[in-house]
Amino acid sequence: MYEADGHYGVLLKKHGYQKWWPCKTGNPFEICIGAILTQNTNWANVEKAIDNLIKEKCVDPKKIAEMDGRKLQALVRPSGFFRQKAQRLKEFSDFVLTFGGVENFLKNVTREGLLEINGVGHETADSILLYACGKPYFVVDAYTRRMFSALGIVKDDMGYEVIRNFFEENMEKDAKLYNEFHALIVRHSKDCCKGFVSGNCMLRKFTEQ
12 MYEADGHYGV
22 LLKKHGYQKW
32 WPCKTGNPFE
42 ICIGAILTQN
52 TNWANVEKAI
62 DNLIKEKCVD
72 PKKIAEMDGR
82 KLQALVRPSG
92 FFRQKAQRLK
102 EFSDFVLTFG
112 GVENFLKNVT
122 REGLLEINGV
132 GHETADSILL
142 YACGKPYFVV
152 DAYTRRMFSA
162 LGIVKDDMGY
172 EVIRNFFEEN
182 MEKDAKLYNE
192 FHALIVRHSK
202 DCCKGFVSGN
212 CMLRKFTEQ
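So the sequence shown is residues 12 to 220, counted in the working numbering.
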(Lines of atoms letter the chains of each structure in order from A and count residues from 1; the text may use other names and numbers.)
(Lines give C-alpha, C1' and ligand atoms only; values in the text may rest on other atoms or scores of the structure.)
Protein backbone atom coordinates (compact mmCIF):
# COMPACT_ATOMS: atom_id res chain seq x y z
CA MET A 1 0.00 0.00 0.00
CA TYR A 2 1.18 3.52 -0.78
CA GLU A 3 2.26 5.28 2.42
CA ALA A 4 1.23 8.89 1.89
CA ASP A 5 2.34 9.90 5.38
CA GLY A 6 5.95 9.19 4.41
CA HIS A 7 6.01 11.65 1.54
CA TYR A 8 4.04 14.17 3.56
CA GLY A 9 6.53 13.98 6.41
CA VAL A 10 9.51 14.43 4.11
CA LEU A 11 7.94 17.46 2.42
CA LEU A 12 6.89 19.01 5.72
CA LYS A 13 10.39 18.64 7.15
CA LYS A 14 11.92 20.32 4.10
CA HIS A 15 9.46 23.16 3.50
CA GLY A 16 7.54 23.64 6.76
CA TYR A 17 3.86 24.51 7.07
CA GLN A 18 2.56 26.48 4.08
CA LYS A 19 -0.54 28.04 5.66
CA TRP A 20 -2.61 27.85 2.50
CA TRP A 21 -4.87 29.17 0.93
CA PRO A 22 -3.50 32.76 0.92
CA CYS A 23 -6.41 35.04 1.82
CA LYS A 24 -5.93 38.78 2.28
CA THR A 25 -9.40 39.63 3.58
CA GLY A 26 -10.03 36.64 5.82
CA ASN A 27 -13.24 36.13 3.86
CA PRO A 28 -13.64 32.53 2.58
CA PHE A 29 -15.46 33.91 -0.46
CA GLU A 30 -12.12 35.38 -1.54
CA ILE A 31 -10.74 31.84 -1.65
CA CYS A 32 -13.62 30.78 -3.89
CA ILE A 33 -12.91 33.71 -6.20
CA GLY A 34 -9.25 32.73 -6.35
CA ALA A 35 -10.10 29.12 -7.18
CA ILE A 36 -12.12 30.28 -10.18
CA LEU A 37 -9.69 32.96 -11.37
CA THR A 38 -6.62 30.71 -11.14
CA GLN A 39 -7.83 28.56 -14.04
CA ASN A 40 -5.35 28.78 -16.94
CA THR A 41 -3.10 31.37 -15.31
CA ASN A 42 -0.52 31.79 -12.55
CA TRP A 43 -1.18 32.96 -9.03
CA ALA A 44 0.62 36.29 -9.46
CA ASN A 45 -2.01 37.30 -12.05
CA VAL A 46 -4.81 36.11 -9.81
CA GLU A 47 -3.51 38.25 -6.95
CA LYS A 48 -3.68 41.34 -9.14
CA ALA A 49 -7.31 40.64 -9.96
CA ILE A 50 -8.17 39.93 -6.33
CA ASP A 51 -6.44 43.16 -5.27
CA ASN A 52 -8.67 45.01 -7.73
CA LEU A 53 -11.77 43.41 -6.23
CA ILE A 54 -10.60 44.22 -2.71
CA LYS A 55 -10.01 47.87 -3.61
CA GLU A 56 -13.56 48.06 -4.96
CA LYS A 57 -14.81 46.40 -1.76
CA CYS A 58 -16.65 43.75 -3.76
CA VAL A 59 -15.35 40.46 -2.36
CA ASP A 60 -18.99 39.68 -1.79
CA PRO A 61 -21.38 37.48 -3.79
CA LYS A 62 -24.22 40.01 -3.77
CA LYS A 63 -22.01 42.82 -5.03
CA ILE A 64 -20.50 40.67 -7.77
CA ALA A 65 -23.90 39.35 -8.83
CA GLU A 66 -25.23 42.90 -9.16
CA MET A 67 -22.11 44.47 -10.67
CA ASP A 68 -22.05 45.72 -14.24
CA GLY A 69 -20.48 43.00 -16.36
CA ARG A 70 -17.99 45.27 -18.07
CA LYS A 71 -16.78 46.67 -14.78
CA LEU A 72 -16.23 43.18 -13.41
CA GLN A 73 -14.36 42.21 -16.55
CA ALA A 74 -12.03 45.17 -16.08
CA LEU A 75 -11.36 44.21 -12.46
CA VAL A 76 -10.48 40.57 -13.22
CA ARG A 77 -8.67 41.33 -16.48
CA PRO A 78 -5.18 40.55 -15.02
CA SER A 79 -6.21 36.91 -14.53
CA GLY A 80 -6.73 36.37 -18.27
CA PHE A 81 -9.84 35.12 -20.11
CA PHE A 82 -11.49 38.00 -18.26
CA ARG A 83 -14.85 37.93 -20.05
CA GLN A 84 -15.30 34.24 -19.37
CA LYS A 85 -14.11 34.48 -15.79
CA ALA A 86 -16.29 37.49 -15.02
CA GLN A 87 -19.32 35.54 -16.21
CA ARG A 88 -18.30 32.53 -14.15
CA LEU A 89 -17.91 34.69 -11.05
CA LYS A 90 -21.39 36.06 -11.57
CA GLU A 91 -22.88 32.58 -11.99
CA PHE A 92 -20.99 31.33 -8.96
CA SER A 93 -22.12 34.32 -6.90
CA ASP A 94 -25.73 33.67 -7.87
CA PHE A 95 -25.27 30.07 -6.72
CA VAL A 96 -23.85 31.16 -3.35
CA LEU A 97 -26.79 33.49 -2.85
CA THR A 98 -29.24 30.59 -3.25
CA PHE A 99 -27.94 29.44 0.15
CA GLY A 100 -28.76 32.80 1.70
CA GLY A 101 -25.15 33.91 1.97
CA VAL A 102 -21.57 32.75 2.32
CA GLU A 103 -21.86 31.20 5.76
CA ASN A 104 -24.69 28.84 4.81
CA PHE A 105 -22.96 28.09 1.52
CA LEU A 106 -19.80 26.99 3.29
CA LYS A 107 -21.75 24.69 5.61
CA ASN A 108 -24.17 23.16 3.13
CA VAL A 109 -22.68 23.17 -0.36
CA THR A 110 -22.06 19.79 -1.98
CA ARG A 111 -19.52 18.71 -4.55
CA GLU A 112 -22.34 17.67 -6.86
CA GLY A 113 -23.86 21.13 -6.62
CA LEU A 114 -20.59 22.86 -7.42
CA LEU A 115 -19.97 20.65 -10.44
CA GLU A 116 -23.28 21.74 -11.92
CA ILE A 117 -22.03 25.34 -12.19
CA ASN A 118 -20.76 26.28 -15.63
CA GLY A 119 -16.96 26.45 -15.61
CA VAL A 120 -16.48 24.70 -12.26
CA GLY A 121 -14.60 21.47 -12.85
CA HIS A 122 -13.33 18.87 -10.43
CA GLU A 123 -10.16 20.70 -9.40
CA THR A 124 -11.93 24.01 -8.85
CA ALA A 125 -14.75 22.35 -6.91
CA ASP A 126 -12.37 20.45 -4.68
CA SER A 127 -10.25 23.57 -4.08
CA ILE A 128 -13.36 25.43 -2.91
CA LEU A 129 -14.49 22.53 -0.74
CA LEU A 130 -11.07 22.02 0.84
CA TYR A 131 -9.69 25.52 1.22
CA ALA A 132 -12.85 27.60 1.67
CA CYS A 133 -15.22 25.11 3.28
CA GLY A 134 -12.70 23.00 5.19
CA LYS A 135 -14.14 19.76 3.84
CA PRO A 136 -11.91 16.71 3.20
CA TYR A 137 -11.57 16.59 -0.59
CA PHE A 138 -8.06 16.05 -1.95
CA VAL A 139 -7.14 18.44 -4.77
CA VAL A 140 -5.47 16.94 -7.82
CA ASP A 141 -3.79 19.59 -9.92
CA ALA A 142 -1.11 19.47 -12.62
CA TYR A 143 1.63 19.53 -9.97
CA THR A 144 0.19 16.51 -8.16
CA ARG A 145 -0.26 14.54 -11.37
CA ARG A 146 3.23 15.36 -12.68
CA MET A 147 5.05 14.70 -9.42
CA PHE A 148 3.46 11.38 -8.55
CA SER A 149 3.53 10.18 -12.13
CA ALA A 150 7.27 10.90 -12.24
CA LEU A 151 7.65 8.96 -8.99
CA GLY A 152 5.78 6.01 -10.50
CA ILE A 153 2.98 6.12 -7.91
CA VAL A 154 0.17 7.02 -10.31
CA LYS A 155 -0.09 6.78 -14.07
CA ASP A 156 -0.14 9.97 -16.09
CA ASP A 157 -3.22 8.89 -18.03
CA MET A 158 -5.33 8.23 -14.93
CA GLY A 159 -8.52 10.27 -14.66
CA TYR A 160 -8.95 12.97 -12.03
CA GLU A 161 -11.35 10.95 -9.90
CA VAL A 162 -9.13 7.88 -9.94
CA ILE A 163 -6.16 9.85 -8.59
CA ARG A 164 -8.28 11.72 -6.04
CA ASN A 165 -9.76 8.49 -4.74
CA PHE A 166 -6.29 6.93 -4.61
CA PHE A 167 -5.03 9.62 -2.23
CA GLU A 168 -8.18 9.74 -0.14
CA GLU A 169 -8.22 5.95 0.27
CA ASN A 170 -4.59 5.93 1.41
CA MET A 171 -4.72 8.85 3.82
CA GLU A 172 -6.60 9.73 6.96
CA LYS A 173 -9.74 11.63 5.94
CA ASP A 174 -8.69 14.97 7.35
CA ALA A 175 -9.14 18.35 5.69
CA LYS A 176 -6.14 19.93 7.43
CA LEU A 177 -3.89 17.08 6.27
CA TYR A 178 -5.17 17.31 2.69
CA ASN A 179 -4.73 21.07 2.79
CA GLU A 180 -1.13 20.96 3.96
CA PHE A 181 -0.11 18.00 1.77
CA HIS A 182 -1.42 19.63 -1.41
CA ALA A 183 0.21 22.95 -0.50
CA LEU A 184 3.51 21.15 0.07
CA ILE A 185 3.21 19.36 -3.28
CA VAL A 186 2.79 22.70 -5.03
CA ARG A 187 5.69 24.25 -3.11
CA HIS A 188 8.01 21.33 -3.80
CA SER A 189 7.02 21.22 -7.46
CA LYS A 190 7.83 24.89 -7.93
CA ASP A 191 11.12 24.70 -6.04
CA CYS A 192 12.38 21.26 -7.01
CA CYS A 193 10.50 20.11 -10.12
CA LYS A 194 13.67 19.46 -12.12
CA GLY A 195 14.83 17.14 -9.39
CA PHE A 196 11.94 14.71 -9.31
CA VAL A 197 11.66 14.61 -13.10
CA SER A 198 15.37 13.90 -13.53
CA GLY A 199 15.46 11.30 -10.78
CA ASN A 200 17.42 13.30 -8.22
CA CYS A 201 14.51 14.32 -6.01
CA MET A 202 14.58 13.19 -2.39
CA LEU A 203 11.04 11.90 -2.81
CA ARG A 204 12.15 9.50 -5.52
CA LYS A 205 14.87 8.15 -3.24
CA PHE A 206 12.30 7.79 -0.47
CA THR A 207 9.97 5.85 -2.79
CA GLU A 208 12.72 3.45 -3.80
CA GLN A 209 13.66 2.59 -0.22
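Positions of the beta carbon are idealized from the N, C-alpha and C atoms, including for glycine. This one's a predicted model, so the numbers in the text were calculated from it and none came from an experiment.
Once you ignore the five residues that flank residue i on each side, which residues in its own chain have a CB closer than 6 Å to its CB?
i	result
T52	S90 and G91
N63	L86
A136	R122, L125 and L126
M182	A15
G130	R99
May I ask you to report which of helix, strand or coil DSSP gives residue i?
i	result
C43	helix
D185	coil
D16	helix
G206	Confidence at G206 is low in this model, with a pLDDT of 48, below 50, so its placement is unreliable and no value can be given for it.
Q220	Low local confidence applies: a pLDDT of 45 at Q220 is under 50, so the model's placement there is unreliable, and no value is given.
Y142	helix
G132	coil
G37	coil
F178	helix
G80	helix
P72	helix
L48	helix
Is the separation between the beta-carbon of residue i and that of residue j shorter than 7 Å?
i	j	result
K149	R175	Reading off the sequence, residue 149 comes out as Phe, not Lys. Their beta carbons are under 7 Å apart, which means F149 touches R175 by this criterion.
A161	I42	no
A97	L108	no
K146	A186	yes
L100	I65	no
R198	H18	no
E102	I61	no
L117	P39	yes
N119	F110	yes
Who are the Cβ neighbours of residue i in its own chain at under 7 Å, not counting the five residues just before and after it?
i	result
N56	P89, S90 and G91
For residue i, count neighbouring C-beta atoms within 10 Å of its own C-beta (all shown protein chains included) and say buried if the count is 16 or more, exposed if not.
i	result
A153	exposed
N190	buried
V173	exposed
K24	exposed
S209	The predicted position of S209 is uncertain, since its pLDDT is 48 and thus under 50; no value can be drawn from it.
Suppose the cutoff is 8 Å on Cβ atoms and the five residues either side in sequence are ignored; what does the same chain contact list for residue i look like?
i	result
E134	V150, V151, D152 and Y171
K59	P89 and S90
So, under 8 Å CB-CB, residue i and residue j are touching, yes? Tell me the CB distance rounded to an integer number of Å.
i	j	result
A46	S138	4 Å
V70	T36	5 Å
Using a threshold of 6 Å, is the CB atom of residue i nearer than that to any non-hydrogen atom of the ligand ADP?
i	result
V197	Within the structure as shown, the ligand ADP is missing, as the structure has no ligands at all.
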